[in-house]
Structures are given as C-alpha cells and as structure tokens.
Amino acid sequence: MSCYVCLRGHDAQKLPFLCPVDARNHIYSDRVKNLELLTENEGLRSQINTLIDGAEPVDAGAAAQILADDSTRQILHSADKVRREIRDAKEEIRQRKAANSDRRSQLAAASQGVSDRRLKDQRDVEKSRQMFSFRWSQSAEDMAGTRAFLCREAVKLYGLKRIRKGGSGRYEYVLGRLPIVDLRDMESQTPEAISTSLGHISHILMLIAHYLAARITTNASRFRAHQVPPQFSMIHKRHLLNTHRHRGHCDKSSFDDICNMGKNLYSLLVSSCLQGPLLTSTTNDDSRPATNKDEAAPSWIGRYSHGTTFYALGGSDGTELVRTFKLPSPMKLADKLKKKILGEAPIPDWELLDDDAWKVDDTTEAANGKELPPNKPELPKAESKGWMKVKSR
1 MSCYVCLRGH
11 DAQKLPFLCP
21 VDARNHIYSD
31 RVKNLELLTE
41 NEGLRSQINT
51 LIDGAEPVDA
61 GAAAQILADD
71 STRQILHSAD
81 KVRREIRDAK
91 EEIRQRKAAN
101 SDRRSQLAAA
111 SQGVSDRRLK
121 DQRDVEKSRQ
131 MFSFRWSQSA
141 EDMAGTRAFL
151 CREAVKLYGL
161 KRIRKGGSGR
171 YEYVLGRLPI
181 VDLRDMESQT
191 PEAISTSLGH
201 ISHILMLIAH
211 YLAARITTNA
221 SRFRAHQVPP
231 QFSMIHKRHL
241 LNTHRHRGHC
251 DKSSFDDICN
261 MGKNLYSLLV
271 SSCLQGPLLT
281 STTNDDSRPA
291 TNKDEAAPSW
301 IGRYSHGTTF
311 YALGGSDGTE
321 LVRTFKLPSP
331 MKLADKLKKK
341 ILGEAPIPDW
351 ELLDDDAWKV
361 DDTTEAANGK
371 ELPPNKPELP
381 KAESKGWMKV
391 KSR
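If you want it as structure tokens, here you go:
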C-alpha cells in the first residue's frame with residue numbers, strides 16, 4: 001500500500017511518517033488484534049448465557065446442609081490441629097524438664113568434687129612453681145660460678161698476691177708485680193708508681209665489674225677535651241673514689257681499712273671466693289621457696305649483680321647487702337686523706353711566690369728613681385703546677 005500523496009511505498013524501518021496514510025498503515029495491525037479480541041469476547045458471553053439459561057434450580061435446604069457440613073469439617077480440622085499443638089507442647093515441656101534434671105544432677109556431681117579438684121590444681125601449680133624456682137636457682141648458681149671463675153682467673157692473670165713483710169706480721173699486696181699503693185703512704189711513693197698501681201687497680205676493677213655485670217660509681221669529675229683537669233685538687237678525690245669503688249663489697253668502714261687498697265682488693269677477690277657474708281632475710285614471706293637464696297653458699301662472689309634478677313643488687317637481698325657496707329661518702333674520705341697527708345708532710349722553710357709578687361717589687365724600684373733595665377721580650381712563663389704549692393706552717 002502506497003501513500004496517495006507522496007506515492008511512496010510504506011516501509012516502517014527506512015521511511016518516516018510523511019502523511020496520514022502512513023500513520024493509518026502503522027496502526028492497522030493493532031486495530032485488527034482489537035477486533036479479534038472483541039469477537040472472542042462475544043463468543044464467550046454467548047456460551048455463558050446459554051449455560052445459565054439451561055441450569056436446574058438449587059434447593060435452599062440442601063445448600064444450607066452443604067454449608068453446615070463444610071463448616072463442621074473446618075471446625076474438626078482446627079480442633080485436630082490444636083490437639084496436635086498441645087501434644088507437641090507437652091512433649092517439649094517434658095524434654096526440657098528432663099534436660100534440666102540432667103543439668104542439676106551434673107551440677108551436683110561437679111560441685112561435690114570441686115574442692116578436691118581445686119586442691120589438686122593448687123598442688124600442681126605449686127609443684128610446677130617450685131620446679132621452676134629450682135631450675136631458676138640452679139641457673140643462677142651456675143652463672144654465679146661462671147662469674148666467680150672468671151674473676152679468679154683474672155686475679156691469677158694479674159698476679160694479685162699477699163706477701164708477708166719479714167717478722168713484722170704485716171702483709172704487702174702485689175698486683176702486676178708491683179706493690180699496691182697505700183693511700184696513707186702516697187708521699188713516699190713516686191708519681192709513676194702511684195699511677196701504675198692505680199691503673200692496675202682500675203683495670204682489674206673494670207674487668208671484674210664487667211664480669212659481674214655490676215654498675216660502679218661515676219668518674220670523679222667530667223671535663224671536656226679542651227679543658228685540662230686540675231692536678232692537685234682532684235688527685236685525692238680520684239684515689240678515694242677508686243678506693244670507694246672496690247670497698248663497696250667489703251665490710252669495714254674505718255678510715256685506715258679503707259685506705260689499705262691492697263688488703264681490700266685481696267679480701268674482695270681472693271678471700272671472698274672462699275667464704276662470703278651471710279645475710280638474714282628481713283622479709284617474712286612464706287610463699288618464697290626455702291632454698292637457694294636462704295642457704296649459705298661457700299662463695300658469694302659472682303652471686304649479686306645488676307644484670308640478673310635472681311640475685312639482683314636492686315632487689316631486697318641486694319639492698320640488705322648494700323646496707324651492711326656503711327661507707328662514708330668519697331668527699332669526706334678525700335678531706336680526711338688530704339688532712340692526714342698535709343699533717344704528716346714536713347714543714348718547709350720557704351714559700352713559692354706567684355708571678356704577681358715579683359711585679360710589685362719592680363714597680364717599687366722604679367718609684368725610688370732607680371734605673372730599670374731595658375725592656376726585653378718576655379719569655380713564656382711556665383705555669384706553676386698545683387702539686388708544687390706548699391704552704392708554710
């Protein structure tokens with residue numbers, strides 16, 4: 001079918017609607033379907049009317065009976081459903097009661113033996129704790145023995161010995177084939193001997209402190225690289241601090257005993273390997289194992305340290321050990337030593353004057369009219385050392 005205006009054949013895909021004929025052709029198929037549906041509807045209506053006209057009349061009583069029977073069946077079905085639900089609910093309640101009864105019996109059985117099981121668990125825990133403490137103490141004893149062995153070997157290598165002086169009954173202590181200086185006799189020793197002896201003592205003390213993992217006191221004074229430490233004002237303090245370090249493990253507090261560094265070092269490193277001080281525990285703790293720490297050991301060197309926990313110097317036993325030292329401060333010891341050395345020093349008949357004293361004499365001569373020598377270039381003056389100054393008494 002073509003358009004009577006444009007005389008073009010209809011093509012729904014390629015050509016648009018250009019005229020009413022094209023539009024009519026587009027909706028023609030839908031109109032045909034609508035007519036088919038209307039025709040089918042009319043046929044169904046005629047069939048229904050035919051069936052209605054040919055139906056027999058229904059009895060009202062029979063219809064009521066049918067409705068009653070149907071209602072009765074529904075009621076009976078609902079009643080049966082309710083009976084089943086009640087029966088299921090009773091069964092569930094019975095099962096819950098049985099489960100609760102079983103739980104009560106199990107709880108009663110468990111509560112009857114809970115005290116015994118608790119005691120058994122406590123005994124097991126106590127046994128494991130004691131075993132752990134025993135192994136820990138054994139490990140600590142082995143470590144202490146190793147440290148003591150290292151200390152003894154270091155002392156042997158350095159040659160720390162005690163030599164009797166003739167028939168006086170006094171002993172001389174030697175370290176590195178050199179006698180250990182006594183602080184009270186420093187005036188009679190040469191500076192080289194004092195420096196060498198103190199160097200040996202410091203070296204072995206640092207080595208022993210490293211083996212024992214013990215923190216020692218700080219240096220006597222700190223100074224920067226461009227500053228020169230004083231020679232005289234700190235020498236007694238340095239000696240006393242060095243003495244105070246290794247006197248920390250000895251049990252004497254008199255000034256004469258502290259000044260005898262050889263005896264202190266020998267008693268610390270040699271005598272302590274044979275017998276050590278016994279400490280009484282100040283705490284009444286019954287929970288601690290009555291072994292190892294409370295028992296006396298033949299050697300206590302190497303036991304207490306800052307690097308362990310079992311024999312820690314920061315613990316209660318270590319604190320009690322430190323309290324038994326009763327050592328005065330290094331400054332007080334330095335003052336006592338300085339006073340003792342100055343008191344025993346010979347009284348000089350002369351006094352060393354400073355450079356300023358000579359300048360005063362030159363000024364006085366110029367004021368009296370005397371001719372001063374021509375100025376000469378000043379030579380560098382040697383700085384007076386502190387250890388050369390001696391005060392007249």
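Once you know that position 118 of the sequence shown is 118 in the UniProt record's numbering, the rest is easy, because the numbers rise by one and skip nothing.
Backbone N, C-alpha and C fix where the C-beta goes; we use that ideal spot for every residue, glycine too.
Going by C-alpha distance, which of the options is nearest residue i?
{"i": "V155", "options": "S29, L37, Y266, S316", "result": "Y266"}
{"i": "S254", "options": "T309, P330, S316, T308", "result": "P330"}
{"i": "T308", "options": "E141, I341, N25", "result": "E141"}
{"i": "K339", "options": "E187, H203, S195", "result": "E187"}
{"i": "I301", "options": "Q95, M143, R117, S137", "result": "M143"}
{"i": "L342", "options": "D69, S316, S78, D185", "result": "D185"}
{"i": "I204", "options": "S101, G166, R152, D121", "result": "R152"}
{"i": "S271", "options": "E344, R162, F132, G166", "result": "R162"}
Would residue i and residue j be called neighbours here (beta carbons separated by less than 8 angstroms)?
{"i": "M261", "j": "L327", "result": "no"}
{"i": "L211", "j": "L157", "result": "For clarity, residue 211 is Tyr in the given sequence; the question names Leu instead. No, they are not a contact pair."}
{"i": "R164", "j": "Y171", "result": "yes"}
{"i": "L337", "j": "A214", "result": "no"}
{"i": "S137", "j": "F325", "result": "no"}
{"i": "L175", "j": "I216", "result": "no"}
Evaluate residue i with the Cβ neighbour count: other Cβ atoms within 10 Å of its Cβ, from every protein chain shown; 16 or more gives buried, anything less gives exposed.
{"i": "Q13", "result": "exposed"}
{"i": "K81", "result": "exposed"}
{"i": "E119", "result": "Reading the sequence as shown, one finds Leu at residue 119 and not Glu. The residue is exposed, with fewer than 16 neighbouring Cβ atoms inside 10 Å."}
{"i": "R83", "result": "exposed"}
{"i": "K97", "result": "exposed"}
{"i": "A62", "result": "exposed"}
{"i": "I180", "result": "buried"}
{"i": "E208", "result": "First, the amino acid is wrong: residue 208 is Ile here, not Glu. Looking at its Cβ environment, which holds 16 or more other Cβ atoms inside 10 Å, I208 is buried."}
{"i": "R94", "result": "exposed"}
{"i": "C19", "result": "exposed"}
{"i": "A148", "result": "buried"}
Please report the straight-line C-alpha distance between residue i and residue j, rounded to a whole angstrom.
{"i": "residue 437", "j": "S139", "result": "Any answer about residue 437 is impossible in this case: the structure gives the chain only from 1 up to 393."}
{"i": "E42", "j": "Y28", "result": "22 angstroms"}
{"i": "M206", "j": "E192", "result": "21 angstroms"}
{"i": "A109", "j": "Q130", "result": "32 angstroms"}
{"i": "D59", "j": "I48", "result": "22 angstroms"}
{"i": "A297", "j": "S111", "result": "Residue confidence for A297 is low, a pLDDT of 46 falling below 50, so the modelled location carries little weight and cannot support an answer."}
{"i": "Y173", "j": "T196", "result": "14 angstroms"}
{"i": "G199", "j": "K332", "result": "23 angstroms"}
{"i": "N25", "j": "A64", "result": "59 angstroms"}
{"i": "H239", "j": "T190", "result": "Confidence at H239 is low in this model, with a pLDDT of 44, below 50, so the placement of that residue should be treated as unreliable; the coordinate-derived value is given next. So the two alpha carbons sit approximately 15 angstroms from each other."}
{"i": "G113", "j": "T146", "result": "49 angstroms"}
{"i": "K33", "j": "E40", "result": "11 angstroms"}
{"i": "I258", "j": "N264", "result": "7 angstroms"}
{"i": "L160", "j": "S168", "result": "21 angstroms"}
{"i": "D335", "j": "V322", "result": "24 angstroms"}
{"i": "T319", "j": "D356", "result": "54 angstroms"}
{"i": "G315", "j": "S115", "result": "37 angstroms"}
{"i": "D53", "j": "S46", "result": "11 angstroms"}
{"i": "C250", "j": "L268", "result": "Residue confidence for C250 is low, a pLDDT of 48 falling below 50, so the modelled location carries little weight and cannot support an answer."}
{"i": "R104", "j": "A79", "result": "37 angstroms"}
{"i": "A68", "j": "H77", "result": "14 angstroms"}
{"i": "Q122", "j": "D317", "result": "28 angstroms"}
{"i": "S128", "j": "I86", "result": "59 angstroms"}
{"i": "D88", "j": "L107", "result": "28 angstroms"}
{"i": "I75", "j": "I66", "result": "14 angstroms"}
{"i": "S71", "j": "E36", "result": "45 angstroms"}
{"i": "G166", "j": "I194", "result": "24 angstroms"}
{"i": "N100", "j": "R73", "result": "41 angstroms"}
{"i": "Y304", "j": "F134", "result": "18 angstroms"}
{"i": "D30", "j": "T50", "result": "31 angstroms"}
{"i": "L44", "j": "L38", "result": "10 angstroms"}
{"i": "D124", "j": "F132", "result": "12 angstroms"}
{"i": "D256", "j": "E344", "result": "15 angstroms"}
Examine chain C for any beta-carbon lying closer than 8 angstroms to the beta-carbon of residue i, and answer yes or no.
{"i": "D257", "result": "Judged by its chain identifiers, the structure shown contains no chain C, having just a single protein chain."}
For the region 111-199, which segments carrying the beta strand (DSSP E) assignment without a break, of at least 3 residues, lie completely within its bounds, in sequence order?
161-165, 170-175
At 3 residues or longer, and completely inside the region 36-104: list those beta strand (DSSP E) runs for me, N to C.
none
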